[in-house]
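The sequence shown maps to residues -15 to -1, 1 to 947 in mature numbering (1 follows the signal peptide of the UniProt record, and there is no 0). Take a look at the structure set out below.
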Amino acid sequence: MRLWFLTMAMWATNCRYIKEICSCNVTLSAKTNLIDLGSRISLTCQVCPSTVAIDFRHNGSHVAYYVFGELSVVNNSLYSVTYDTETGMFNLTIINFTHSSVGNYSCSISYTTNMSSLTLVLSVPVTFVTLIPAIPTISVLQKVPISVIKCISSAGRPTPAITWYLDKNTPSDNTNDVNITATSSSQTTGDVTTSTLTITATVEDHGSSIYCRVSNGYGHIISNARLNINVLVVPSRPTILHKSVIIGDNISVTLNSTASLECNSSGNPTPNISWLLSNGSVINNTLIELKWDNRVNTDMITCRASNVMKPTYGTTQTRSNTTALWINILYSPLPPTCSIGDKIITVNTIRAITNEPMNMYCTSKSSPPPTSYSWTLPGGIKQDGQQLTIPIVLSNGHFTLDVNNIMNSTLLPQVITGHVNVIFTLDILFPVTVHNIENKTVLRNQALSATCPYTLGNPPETNFTWTHVNTYRVVGRQQSLSLTNIQTTDEGFYKCRVNNTMTPTGCCALPAYDETIFYVDVQYAAEITRFYASGFENSQIITVNENETVLLYCDSEGDPLPSMLLINNTRGENDLLSGKYYNTISAYIPHARCEYDMGIYQCRANNTHNKIQQVRAIEVKIKCAPRSSPFMPPAPKVMTKINSSLILTYTIVAYPPPSTSSAFVWRKKVNEDWFVVNDSRRLHIQISQNRLQTNLSIFQVQADDFTNYTVKVNNDIGTTEQTFVILVNEEPATPEQFRVSEDPVKDSSVIVEWKPGFNGGEIQWFVIGYKQETGKKWTYKTILDHIIRIAIEGLVAGTAYQFKMYAENSVGRSDETIVLTLVTRAKADNGSSSPVGAAVGGAVGGTLVIVICIVLWKCRNSITLKRNPDAGAPYDDLFKGHTNVSAVNTSSKYEEYRIESHHINQYETLAETSFHQYSVISSGDTEGISVLNRESEASDNDCAVRREDKVYVNLVLSKTEN
């Protein structure tokens, strides 16, 4: 009643408190819900610290409370309580847990719905476990899973856990038992756990036992019974033995020998053994003894092992396994069977044709097959192999064949040699022999006489036949032949055949013959009767349009047949279009092209009676617009250096040729505009006399000359244009203004700077070298092209250093700069760099300028250019007055040209030493184009142009990479 009054007073006096309590969470917890009998357990109820009324209940009945700081319990012998007002933690302790303590406990804030509860139950230790099936041994099939073995626990709380073990036939030692719980599954009903084990037994599990163990935290109990495993195994593949030795799948025995064999197989139950012979009979025994008396190469017997498996659960199975044993029956070679060709020899006398090859093939049956066939020929000559080969049959005689084999038996004796031999007699047949008859030359209307010489053969009966081979006509059947009034139709080959009949062994009757052939020739001189082009039968000079097809025909007469040739002589190369021995010859020029097919074509004919070869010619002209000559193609990309000279050459093919020099127009690209090139002090344009080649010569190439050029050429048919580009390609220039920066020199570093020079048309980089003045080894740093200033660090204070640099690109490297010398600041020195360095550097630089000026004056004083006196090529007229010019795919020859110091920028006229017409090209010129090499010499060895001590003697741009 007091609690009621206090609560009502709280409600009446503090409505704000009521709101806080209504929002308070209540949590009831214990360390475990499973409680041992007689143990002490505490329940903790967490509320808000401001809570003033808490109620504890057991199964709905009050057991303790807290109201406005007062604690109370129903029974002090059963419970005790504490409450921490700061944390809001209310603890109820059950002093002695009994069966009546089991049930639901709740904690709530009085007169609110805020409550938390939990249930305490009494823990029950497991007391036993049952293993089923309740049999001592279970029979299972190998590698067949079964799920019939179970373990059932007694009731227990917590839930009992069952573990399975496999005892490897060591019941007194559990340390090696295998935990096999992973293949089991468990389920719990009413605090009882049932575990089902799935096992897939193997041979290694045979004889092992299975047991289970149960536990729920109060120790463990092992099943009293153990289930032994009997693994049923199918018979293994039988093993066959001879005298306790395994013999594998085959044995070798000699004919009429006896062998004892044993067959073994493992399995559970133990397999039954039986033998199946090749004749179908069966022997039910492990041991057998056999004898082989049939001459067959192989025999086979089979050992069969079988058993009947009866698993505890499942159907009975009968399984078997077999091993086949192959028996190789060995026996010596039989008398051989021989043949020549496809004919079997039935007698030992062999007839063969003399001077002909003879091949006789023999074979003998044995097991194993014969290892050797050995022939003994007359004179003791030996020959091995089944085939007797006589390349040339020359004489009679006896031949012996020996056949051997080696029998390797599994039984004793293990090695036995077999042998057989046979003797043959050779009888030689030979045909009649005919001797040669010389060729004969007969004029028309004269007589022909000939005799056929011969030697009798065996058999001696002989026949003669004379045949005109060309017409297959028989002209005589006697030893002598006589033909009168020979005509041209009688010309040709004649054959004399003499034959007899032979019958060699292995073949039917064979007509044997010998013959000789000779030629009868009726001759007269060859003459060309007509040479023409189709459509131009009466013209010796024809003009066709490009891409037309030209057909050439040439007819002649003569006997023997003339040797006729159709020659393409367009460039003096004598290209053979067609050639044969006949009265008529023809050739065609498909899709005629002016650059290849325009020129002179010849028909030539002669035979042995012609003193002078017969020749007729036709000139073919092909209309076409100008185009580049394939025999002197232009070089569209030229790479050169500043102040060098070069020639751009363009050679064309055209018909008709350009009518005037104005048909050739050279242009130069300046920025994005094109300008016509006219002759000047440095630029000269030349055109050949036949107006099929033009040159643009550029002397002392300047920077603005590195650009694109075009030449345009036209005739009455059309126009062509060719583009050239001149690219720079040289070593970079020496960096300029190489100096030490005006920044103060430090004790361990200096700053050097420079101005890059011309890069030579390629990407350049810079290399700076430095060393102590007294040292010998230079240290080099490579600098990228965009850097013009860099600090050299890691120097020694108060030490004199030397510095130099040069530029480098893919072509080569520049000259080195002057060497700068300076002294780094001493560590105690607070001033700028030493004045000694500047003085030394200035002195070295002044001296170097003087030396360079002297060398340049000396080099310009006298330079001599010499030509190769043996060189020469077409279009030399284009090179008059120009020397030291790089020719691109052209060639020329020059007299000596000298540049003296008092004739600077003046050119003398060159003497022309040779000139060749463009249309004539020697057949011996394999290159087609000759390029002149010029050698540059200096009067002073100090001025020679060198790289690695090698003088550059070839100043001709003979090849340009595109």
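Glycine is no exception: its CB is placed at the ideal position from the N, C-alpha and C atoms.
The residue among Leu275, Asp475 and Leu633 with its C-alpha nearest the C-alpha of Asn680 is Leu633.
The three-state secondary structure of Ala648, taken from DSSP, is helix.
Looking at the backbone, the Cα of Cys30 and that of Tyr68 are separated by about 9 Å.
Exclusion of the five residues before and after Val37 leaves Phe53 as the residues of its chain whose Cβ lies within less than 6 Å of its Cβ.
The C-alpha of Trp277 is placed about 20 Å away from the C-alpha of Thr308. Per DSSP, Glu580 is one residue of the alpha helix (DSSP H) stretching across Cys579 to Asp582.
Taking C-beta atoms as the reference points, Tyr150 and Asn161 fail to come closer than 8 Å. For Gln599, the enclosing beta strand (DSSP E) stretches over residues Gln599 to Ser613. Glu558 and Thr767 have their alpha carbons spaced roughly 58 Å apart.
As computed with DSSP, Ile123 is found in a beta bridge with Ile214.
The C-beta distance from Val725 to Val710 rounds to 43 Å, too long to fall under 8 Å, and the pair is not in contact. Distances from the CA of Ser291 to each of Ile258, Val650 and Ser180 were compared; the closest alpha carbon is that of Ile258.
By the 16-neighbour rule on beta-carbons within 10 angstroms, Ala497 is buried. In the three-state DSSP reduction, Ala290 falls in the strand class (E or B). In this structure Gly192 is exposed. Its beta-carbon is surrounded by fewer than 16 other beta-carbon atoms within 10 angstroms. Look at Ser86 here: in three-state DSSP terms it is helix. When DSSP states are grouped into helix, strand and coil, Thr308 belongs to the strand group. By the criterion of a C-beta distance shorter than 6 Å, Thr486 is surrounded in its chain by Ala494 and Pro496, once the five residues flanking it on both sides are discounted. The stretch 140 to 147 makes no contact with the stretch 125 to 132: fewer than 3 CB pairs, one atom from each, lie closer than 8 Å. Sixteen is the threshold: when 16 or more other Cβ atoms of the shown chains lie within 10 Å of the Cβ of Gln787, as they do, the residue is buried. One Cα belongs to Ala718, the other to Lys740, and the distance between them is close to 11 Å. Restricting attention to beta strand (DSSP E) runs no shorter than 3 residues, the stretch 651 to 701 encloses them at 658 to 661, 668 to 672, 678 to 683 and 693 to 699, ordered along the chain. The beta carbon of Ser799 lies closer than 8 Å to those of Glu716, Pro717, Ala718, Thr719, Pro720, Gly742, Tyr791, Ala792 and Glu793 in the same chain, with the five residues before and after it left out. In the three-state reduction of the DSSP assignment, Ala167 falls in the helix class.
Shown here for Thr436: same chain residues with a beta carbon closer than 7 Å to its own, the five before and five after excluded, namely Gln464 and Ser465 in chain order.
Judged by beta-carbon spacing, Gly584 lies within the 8 Å limit of Arg556, meaning their Cβ atoms are closer than that value. The Cβ atoms of Cys579 and Val638 sit closer than 8 Å to each other. No Cβ-Cβ contact shorter than 8 Å links Asp728 with Thr809. In the three-state DSSP reduction, Cys33 falls in the coil class, being neither helix nor strand. A residue is called buried once 16 or more other Cβ atoms fall within 10 Å of its Cβ, and Ser194 is buried on that count. With a contact defined as Cβ atoms closer than 8 Å, Thr426 and Gln508 qualify at about 7 Å. When DSSP states are grouped into helix, strand and coil, Glu189 belongs to the helix group. DSSP, reduced to helix, strand and coil, places Cys9 outside both helices and strands of the structure shown, so it counts as coil. Taking all protein chains shown into account, Lys653 has 16 or more neighbouring C-beta atoms within 10 Å of its C-beta and is therefore buried. Sequence-distant partners of Pro256 (beyond 5 residues in either direction) whose C-beta falls short of 7 Å from its own C-beta, in its chain, are Pro220, Ser250, Ala290, Ser291 and Asn292.
Counted as a single uninterrupted DSSP element, the beta strand (DSSP E) harbouring Cys136 occupies residues Ile131 to Ser138.
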